[in-house]
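Counting from 1, position 115 in the sequence shown corresponds to residue 116 in my numbering; the numbering is continuous, with no gaps. Heads up: the structure comes next, in structure tokens.
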Amino acid sequence: MSFDYLQSITAGLDRNAALHDLMTEFGSDVWNYIYFLTRYKETADDLAQEVFIKVYEKMYTFRGHSSVKTWILSITRNTVHDYRRSAWFRRVMLSSGFMTAQQETAPSAEQDYMKHALREETWEVVLELPIKLREVLLLYAHHQLPMQQIGDLLGISQGTVKSRLSRARAKVNQHMRVHEGADERMAQHEET
Numbered sequence: 002m003s004f005d006y007l008q009s010i011t012a013g014l015d016r017n018a019a020l021h022d023l024m025t026e027f028g029s030d031v032w033n034y035i036y037f038l039t040r041y042k043e044t045a046d047d048l049a050q051e052v053f054i055k056v057y058e059k060m061y062t063f064r065g066h067s068s069v070k071t072w073i074l075s076i077t078r079n080t081v082h083d084y085r086r087s088a089w090f091r092r093v094m095l096s097s098g099f100m101t102a103q104q105e106t107a108p109s110a111e112q113d114y115m116k117h118a119l120r121e122e123t124w125e126v127v128l129e130l131p132i133k134l135r136e137v138l139l140l141y142a143h144h145q146l147p148m149q150q151i152g153d154l155l156g157i158s159q160g161t162v163k164s165r166l167s168r169a170r171a172k173v174n175q176h177m178r179v180h181e182g183a184d185e186r187m188a189q190h191e192e193t
């Protein structure tokens with residue numbers, strides 16, 4: 002695919018056909034890149050759709066400063082980063098007091114990697130929670146439902162929602178603290 006191709010599309014030719022061509026050409030690259038970053042097939046499916054919606058909406062902004070593939074993969078990367086900055090991790094981790102405030106300086110590559118690893122581990126811990134705790138945590142943090150709506154949806158009181166949410170956060174934080182302590186002991190052992 003070339004710059005001229007996208008230019009002709011944005012000049013009034015069939016954008017739907019162009020989107021089909023782009024999805025055929027780059028769909029597997031987009032999906033694989035998302036899966037590599039998130040390690041979740043369902044997330045890759047959802048975000049790949051979101052990427053191609055953005056590509057469709059922004060076709061006319063492509064200027065040819067890079068290849069079409071590079072342009073699409075940059076949209077993909079930004080979409081994944083937006084997903085990771087979503088309220089999910091902020092509401093689970095920050096509101097429970099586990100994570101500290103971000104540093105004022107730009108993070109190093111090691112810090113970025115560690116944040117990514119922490120997020121992946123957090124997902125794994127959440128998925129291991131008992132269903133009653135996991136369900137409340139997902140509805141609150143991921144779907145951003147207020148506690149009253151969660152209670153109505155699950156047929157439980159708002160107090161029970163608060164209790165389950167608190168227990169879910171405590172279990173996630175406990176696991177993270179135990180893991181963090183084990184990492185520190187391992188690092189000290191390696192230094193000696």
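From the three backbone atoms N, C-alpha and C, an ideal C-beta is built for every residue, glycine too.
For residue i and residue j, what's the separation of their Cα atoms in angstroms?
{"i": "Thr80", "j": "Leu130", "result": "28 Å"}
{"i": "Gln159", "j": "Arg168", "result": "14 Å"}
{"i": "Thr161", "j": "Ser68", "result": "53 Å"}
{"i": "Thr123", "j": "Met177", "result": "8 Å"}
{"i": "Ala1", "j": "Ser29", "result": "Nothing in the structure corresponds to residue 1, since the chain is present only between 2 and 193."}
{"i": "Val1", "j": "Ala118", "result": "In this structure the chain extends from 2 to 193, so residue 1 is not present and cannot be described."}
{"i": "Met49", "j": "Gln149", "result": "One detail in the question is off: residue 49 reads as Ala in this sequence, not Met. Distance between the alpha carbons of Ala49 and Gln149 is about 32 Å."}
{"i": "Ile157", "j": "Arg86", "result": "30 Å"}
{"i": "Leu146", "j": "Thr44", "result": "20 Å"}
{"i": "Asp47", "j": "Val179", "result": "33 Å"}
{"i": "Lys70", "j": "His82", "result": "18 Å"}
{"i": "His66", "j": "Arg135", "result": "45 Å"}
{"i": "Glu111", "j": "Asp15", "result": "45 Å"}
{"i": "Asp113", "j": "Leu140", "result": "27 Å"}
{"i": "Glu58", "j": "Ser164", "result": "43 Å"}
{"i": "Val173", "j": "Lys42", "result": "23 Å"}
{"i": "Asp133", "j": "Leu166", "result": "It is worth fixing the name first, because residue 133 is Lys in this sequence and not Asp. Between Lys133 and Leu166, the C-alpha separation is close to 9 Å."}
How should residue i be labelled, buried or exposed, when 16 other C-beta atoms within 10 angstroms of its C-beta is the threshold for buried?
{"i": "Tyr34", "result": "buried"}
{"i": "Leu128", "result": "exposed"}
{"i": "Ile151", "result": "buried"}
Can you list, in chain order, the residues of its chain whose CB lies under 8 Å from that of residue i, leaving out five sequence neighbours each side?
{"i": "Ala102", "result": "For Ala102, the predicted model reports a pLDDT of 41, less than 50, meaning its position is unreliable and no value from the coordinates is stated."}
{"i": "Leu95", "result": "With a pLDDT of 44 at Leu95, under the threshold of 50, the modelled position of that residue is not reliable, and no figure is offered here."}
{"i": "Phe53", "result": "Leu20, Leu23, Met24, Gly28 and Val31"}
{"i": "Leu154", "result": "Leu140 and Leu146"}
Which same chain residues, not among the five before or five after residue i, have their C-beta less than 7 Å away from its C-beta?
{"i": "Glu121", "result": "Arg40"}
{"i": "Ile76", "result": "Val52, Lys55 and Val56"}
Can you check which of these residues, the options, is closest to residue i by C-alpha distance?
{"i": "Leu38", "options": "Glu58, Lys116 and Asp22", "result": "Lys116"}
{"i": "Gln175", "options": "Asp113, Val126, Ala49 and Leu74", "result": "Val126"}
{"i": "Arg78", "options": "Tyr36, Asp15 and Lys133", "result": "Tyr36"}
{"i": "Tyr84", "options": "Ile132, Leu138, Ala142 and Arg16", "result": "Ala142"}
{"i": "Ala171", "options": "Gly152, Asp153, Leu138 and Ile151", "result": "Leu138"}
{"i": "Tyr26", "options": "Asp15, Leu74 and Lys42", "result": "A small correction: the amino acid at residue 26 is Glu; Tyr does not occupy that position in the sequence shown. The residue with the shortest Cα to Cα distance from Glu26 is Leu74."}
Taking 6 Å as the cut-off, is the CB of residue i close to at least one heavy atom of the ligand HEM?
{"i": "Arg85", "result": "Of ligands this structure carries none, so the ligand HEM is not represented either."}
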